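The block underneath contains the structure these notes are about, expressed in structure tokens.
Numbering (the numbering used here), first residue to last: 228 to 540.
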């Protein structure tokens with residue numbers, strides 16, 4: 228897997244990576260949650276639910292401890308945590324999305340954020356960069372600036388080298404191991420969305436959005452099963468709009484190679500107070516539903532993931 232067009236050698240001797248590394252010298256930036264043995268060809272990923280905010284990062288930010296959490300996919304790792312007991316490992320971020328977004332390209336940087344020019348290989352023109360939501364985000368939810376001034380470019384480089392790359396190396400290793408053992412692998416990328424999200428002219432408020440990059444990242448059978456299971460539970464489900472899946476879904480979903488990736492967005496209004504970040508009464512019931520959903524999804528026959536037409540990719 229190519230994480231970068233240019234590796235750390237570009238910056239050798241120019242930047243020190245110890246700052247970002249020290250942010251997580253006591254508390255790990257991410258963790259693998261798993262049972263004694265992986266029993267299913269599924270892997271769950273929660274890249275935006277991290278809620279460990281390093282003191283050094285908070286000192287750099289202009290936002291208070293509550294406002295800076297507005298991009299956080301609060302508790303999503305807990306909502307899908309039942310999958311671990313069913314035999315599926317979960318990779319969960321502890322670093323917050325406001326600090327670093329691993330659901331972006333490795334060098335998707337906004338040059339307006341930094342005191343020095345960014346390297347020429349950076350993607351500075353993506354829609355995500357324009358929206359302030361690059362690899363090192365400029366904004367949190369509701370358009371709030373994280374920083375009062377420009378950052379040293381070395382800060383972005385350090386976070387990418389010390390956290391982003393190890394995260395994706397771990398995710399790739401888990402998927403490769405799963406594929407080798409079972410003959411295919413299914414990545415479920417877990418996220419949440421604001422309760423204010425509406426879909427289309429009808430103003431539909433979805434409880435879930437299933438994203439498969441418009442059919443590119445996963446077999447249609449997986450998408451249809453996910454939508455059908457949640458609908459049967461009484462939830463309102465949208466497909467690909469407005470979230471079709473980010474870098475992770477797009478990058479790892481290769482159905483023709485028996486690698487499938489599906490993004491699931493959960494409406495935060497179902498389980499938390501978005502102002503206070505507290506869980507609401509429906510949290511446990513939703514977590515139970517998602518454990519049943521995960522179990523049923525993982526019970527799909529193998530042929531749905533392996534017997535695919537050659538034109539799948």
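All C-beta atoms, glycine included, are put in the ideal place defined by N, C-alpha and C.
Predicted, not measured: the structure shown is a model, and the values here were computed from it.
Distance, residue j Cα to residue i Cα
i	j	result
residue 351	residue 459	42 Å
residue 247	residue 280	12 Å
residue 524	residue 375	45 Å
residue 528	residue 402	19 Å
residue 237	residue 346	Legend: pLDDT at residue 237 = 36, less than 50; position of this residue unreliable, no value from coordinates given.
residue 452	residue 344	47 Å
residue 314	residue 275	22 Å
residue 253	residue 474	29 Å
residue 410	residue 338	42 Å
residue 419	residue 305	12 Å
residue 265	residue 377	45 Å
residue 321	residue 531	33 Å
Closest Cα partner of residue i within the set the options
i	options	result
residue 196	492, 526, 534	Lying outside 228 to 540, the shown extent of the chain, residue 196 is not represented and no answer is given.
residue 355	332, 374, 372	332
residue 439	348, 532, 487	487
residue 268	328, 413, 310	413
residue 379	340, 400, 392	340
residue 484	521, 533, 470	533
DSSP-derived helix/strand/coil call for residue i
i	result
residue 424	coil
residue 375	coil
residue 233	Confidence in residue 233 is poor, its pLDDT being 35 and thus under 50, which makes the residue's placement unreliable; the coordinate value appears in the next sentence. In the structure shown, residue 233 sits in coil (DSSP, three-state: anything other than H, G, I, E or B).
residue 451	helix
residue 485	coil
residue 502	coil
residue 250	helix
residue 380	helix
residue 530	helix
residue 496	helix
residue 460	coil
residue 441	coil
residue 258	strand
residue 288	strand
Cβ distance (whole Å) where residue i is taken to contact residue j below 8 Å
i	j	result
residue 390	residue 290	In fact, because the Cβ distance is near 20 Å, the residues do not count as touching under 8 Å.
Residue i: CB within 7 Å of a non-hydrogen atom of the ligand NAP
i	result
residue 464	Judged by which ligands are present, the structure shown has none, so any question about the ligand NAP falls away.
Are the stretch 427-442 and the stretch 501-512 touching by the rule of at least three beta carbon pairs closer than 8 Å?
No, the stretch 427-442 does not touch the stretch 501-512.
Three or more C-beta pairs closer than 8 Å, one from the stretch 292-304 and one from the stretch 435-450: is that the case here?
Touching, no, given that fewer than three Cβ pairs across the two stretches are closer than 8 Å.
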